[in-house]
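Single-structure report; data block below.
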Amino acid sequence: MTELPYVLVLYYSRHGATRAMAEQVAAGIESRRGIQARLRTVPSVSATCDAVAPDIPDHGAIYATLDDLRDCAGLIIGSPTRFGNMAAPMKYFLDGTSELWLSGALIDKPASAFTSTSSLHGGQETTLMSMLLPLLHHGMVYAGIPYSEMALLHTTRGGTPYGASHVAGTASDQPLDENERQLCHAQGNRVAHLALALSASKES
Ligand SMILES: Cc1cc2nc3c(=O)[nH]c(=O)nc-3n(C[C@H](O)[C@H](O)[C@H](O)COP(=O)(O)O)c2cc1C
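Each residue of the sequence shown is one higher than the last, beginning at 25 in this note's numbering.
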């Protein structure tokens, strides 16, 4: 049996809000036939030289490898907003992908990004833009969320045309509301659709 192509959902989450989004994005990918989601996380980083975390995460997905990235048909990255930017662990992981950049492994694959903040105007869009930059350097085709997704018009919390987002509250304990959930799902579904279409066009 041949293995299905997959969209890699690569996220970092300290308190679980971004992880909850990743799970909904993965559900959106898996709502398409002929493709699957692969959920992976990245390790924390520390300013000290000692190891700060176990080799296997206590909860959530296992850590991503460069092979997970190299072989994906599409990529969706998720990070909490930190000072209006992606979190250092995601940036650190991406900074270790030069080998894939050199070989052009991600060129013409679809990509997208999602984020969670504590506050409503706490920098979701700047964070999504910061996450777009390395994806473009890798030659990926960035896909946001079109306004045909009605939840984009109705949301009073997260959700942007640049990618899904979530307002988790100051304690990072607010669940995704229905609009935020739908937009995560739509983002996964769209990237899965593009991944199938772009890989088919490469073969023709
Ligand atoms: C160092 C640091 C910086 C942060 N900066 C912002 C920020 O700029 N805007 C904001 O709304 N929330 C900010 N937050 C809050 C997180 O984005 C928010 O709690 C997020 O939902 C955490 O996601 P997680 O549950 O996946 O870890 C910051 C948190 C930390 C620890």
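All C-beta atoms in this analysis are idealised placements derived from N, C-alpha and C, irrespective of residue type, glycine included. Bear in mind the structure is a predicted one, so any value in this text is a computation, not a measurement.
Under the 8 Å Cβ criterion, the region 203-219 counts as touching the region 53-68, having at least three qualifying pairs.
In chain order, Gly128, Leu130, Ile131, Asp132 place their CB closer than 7 Å to the CB of Gly163, counting only its own chain and leaving out the 5 sequence neighbours on each side.
Relative to ligand 1, Thr105 has its C-beta within less than 6 Å of a heavy atom.
Along the region 158-197, the alpha helix (DSSP H) occurs as fully enclosed runs of 4 or more residues at 175-178, listed in sequence order. With a beta-carbon spacing of about 7 Å, Ile59 and Ala97 fall inside the 8 Å limit used to define contacts.
Pro134 is the residue among Leu126, Met174, Pro134, Cys73 whose C-alpha sits nearest the C-alpha of Lys226. Take Ala210, set aside five residues on each side of it, and the residues of its chain with a beta-carbon closer than 7 Å to its own are Gly52, Ile169, Glu173, in chain order. If you check the C-beta of Ser37 against ligand 1, you find a heavy atom less than 6 Å away.
Gln148 and Ser189 have their alpha carbons spaced roughly 7 Å apart. Secondary structure of Ala85 (DSSP, three-state): coil.
Shown here, Leu118 sits in a helix according to DSSP, grouped into three states. In the three-state DSSP reduction, Ile53 falls in the helix class (H, G or I). Rounded to the nearest angstrom, the gap between the Cα atoms of Arg205 and Gly146 is 19 Å.
Rounded to whole angstroms, the gap between the alpha carbons of Leu176 and Ser196 is 22 Å. Under a 10 Å Cβ-count criterion, Arg57 is classified as exposed, with fewer than 16 other Cβ atoms of the shown protein chains found around its own Cβ. Where Ala135 is concerned, the enclosing beta strand (DSSP E) starts and stops at 134-141.
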